[in-house]
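**Student:** The structure's right below; bear with me while I get my questions together.
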Amino acid sequence: VKERRHQLRELAQIGTGRPRTAIITARTGLSASELKALGTDDTLRSVYRRGKRNDLDETAANTAPFVYQGSMSETEGKLRYLFHDSGATDPKRIVIYASDTQLEMLSKSTRISYDGTFASAPDPYGSVFSIHCEVLSRRSIPSGSRCLHDGWLRKQQEYRRILDLILQSPILATWAPIEAHCDFEQASRLAFRYYFPRIAIRICLF
2 VKERRHQLRE
12 LAQIGTGRPR
22 TAIITARTGL
32 SASELKALGT
42 DDTLRSVYRR
52 GKRNDLDETA
62 ANTAPFVYQG
72 SMSETEGKLR
82 YLFHDSGATD
92 PKRIVIYASD
102 TQLEMLSKST
112 RISYDGTFAS
122 APDPYGSVFS
132 IHCEVLSRRS
142 IPSGSRCLHD
152 GWLRKQQEYR
162 RILDLILQSP
172 ILATWAPIEA
182 HCDFEQASRL
192 AFRYYFPRIA
202 IRICLF
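FYI, the numbering for the sequence shown is 2 to 207, going by this note's numbering.
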């Protein structure tokens, strides 16, 4: 999957043909599970556009031992914002952003919503996964974003890995959400039920 996305960016940089033709080329010969992991038309068009801009060296972005520090790890008030980074040597690197304030709001919320997207993921990551918590007046706000590497396959164990990491925070020691709103993806629902067996999951089309 990672190689096919790289191929799509290369086709964009060459500039031959239309985006649709390049997407068909990138999908050729893949199995059903690989096609699902590769992403939707919107996702692949976003990948194509990023390749068209050619605004970074993809090889360097995926291999450099980038360290998140300074403005990449703190708020403007110099408070911690980077919650976890599994490191550049992790083939499925996970970077989690969640401030203590966000975690405190999450700990007090019994209703959440969550979703992931490929389309807006910053290079070199393949997906962004975000959990939102409900606050006063039934308003939903972000409680943290998770940037996931291209190796992300949307499996239950991957979502459980994220939840296991954030639940290590002492702030969430007694957190027990009773309701979650999400899309139709089964893997994420099973992961949440693993940690919160009594949670009521409402499936909706975002």
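The C-beta atom is built at its ideal place from N, Cα and C for all residues, glycine as well.
Alpha carbon to alpha carbon, how far is L168 from A13?
**Tutor:** Roughly 41 Å between the two C-alpha positions.
**Student:** Determine the direct distance from the alpha carbon of G145 to that of S131, and round the result to whole angstroms.
**Tutor:** S131 and G145: Cα-Cα distance of roughly 6 Å.
**Student:** Taking 8 Å as the threshold (C-beta atoms), are C183 and S114 in contact?
**Tutor:** Yes, the pair counts as a contact, with Cβ atoms nearer than the cut-off.
**Student:** Could you give the distance in angstroms between the alpha-carbon of I24 and the alpha-carbon of A122?
**Tutor:** About 18 Å.
**Student:** Going straight from the alpha carbon of I15 to that of A33, what length do you get?
**Tutor:** Computed Cα separation, rounded: 28 Å.
**Student:** Check whether the Cβ atoms of F193 and I204 sit closer than 8 Å, and answer yes or no.
**Tutor:** Cβ atoms of F193 and I204: not closer than 8 Å.
**Student:** Going by beta carbon distance, what residues of the same chain come within less than 7 Å of D1, once the five residues before and after it are set aside?
**Tutor:** The chain is shown only over 2 to 207; residue 1 falls outside these bounds and no answer can be derived.
**Student:** Have a look at the DSSP bridge pairing and note the partners of P143.
**Tutor:** Answer is H133, bridged to P143.
**Student:** Look at the alpha carbon of V48 and the alpha carbon of T22, and state the distance between them as a whole number of angstroms.
**Tutor:** Those two C-alpha atoms are separated by around 14 Å.
**Student:** Taking the C-alpha atoms as reference points, what is the distance between L104 and P171?
**Tutor:** Cα to Cα, the separation comes out at about 10 Å.
**Student:** Measure the C-alpha to C-alpha separation of K109 and I179 and round it to an integer number of angstroms.
**Tutor:** Computed Cα separation, rounded: 11 Å.
**Student:** Check V68 in the structure and name its three-state DSSP category.
**Tutor:** Correct three-state label for V68: coil.
**Student:** Tell me I217's beta-bridge partners as DSSP assigns them.
**Tutor:** With the chain covering 2 to 207 only, the question about residue 217 has no answer from this structure.
**Student:** Taking its Cβ as the centre, do 16 or more other Cβ atoms sit within 10 Å of F185, making it buried, or is it exposed?
**Tutor:** Exposed: under 16 other Cβ atoms inside 10 Å.
**Student:** What are the boundary residues of the alpha helix (DSSP H) that I15 is part of?
**Tutor:** Taken as a continuous stretch (DSSP letters only), the alpha helix (DSSP H) holding I15 covers 3-15.
**Student:** Please check the pair P40 and E11, which I expect to be a contact at CB under 8 Å, by giving their CB distance rounded to whole angstroms.
**Tutor:** Checking the displayed sequence, the identity of residue 40 turns out to be Gly instead of Pro. Going by Cβ atoms, the distance from G40 to E11 rounds to 17 Å, so no, they are not a contact pair.
**Student:** On the CB-based measure, 16 or more other CB atoms within 10 Å of its CB, does D86 come out buried or exposed?
**Tutor:** Flag for D86 reads buried.
**Student:** Where does F197 sit, in a helix, a strand or coil, going by DSSP?
**Tutor:** Of the three classes helix, strand and coil, the one that applies to F197 here is coil, per DSSP.
**Student:** Given Y195, which residues of its chain have a CB within under 7 Å of its CB, disregarding the five upstream and five downstream residues?
**Tutor:** Answer for Y195: R161, listed in chain order.
**Student:** For T118, write down the residues that DSSP places opposite it in a beta bridge.
**Tutor:** T118 is bridged to V129.
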